[in-house]
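Peer 1: In our numbering, the protein residues as written are 4 to 32.
We treat Cβ as the ideally placed atom computed from N, Cα and C, and that holds for glycine.
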Amino acid sequence: MVKSLYSNRHRRLLQRCLVMAIMMMTMSL
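Next up, the structure:
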């Protein structure tokens, strides 16, 4: 149970990082 919760949080964090990276790319372009 705790493991799944942790993975869910980790996935959300990864998604946030990805969005930030995309924003940076668009800004640099």
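1. Hey, how far is the Cα of methionine 27 from the Cα of arginine 15?
2. Between the C-alpha atoms of tyrosine 9 and arginine 19, what's the straight-line distance to the nearest angstrom?
3. Measure the alpha-carbon distance for valine 5 versus leucine 17 and round it to whole angstroms.
Peer 2: Based on what the coordinates show:
1. Taking the straight line joining both Cα atoms gives about 19 Å.
2. Rounded to the nearest angstrom, the two C-alpha atoms are 15 Å apart.
3. 18 Å
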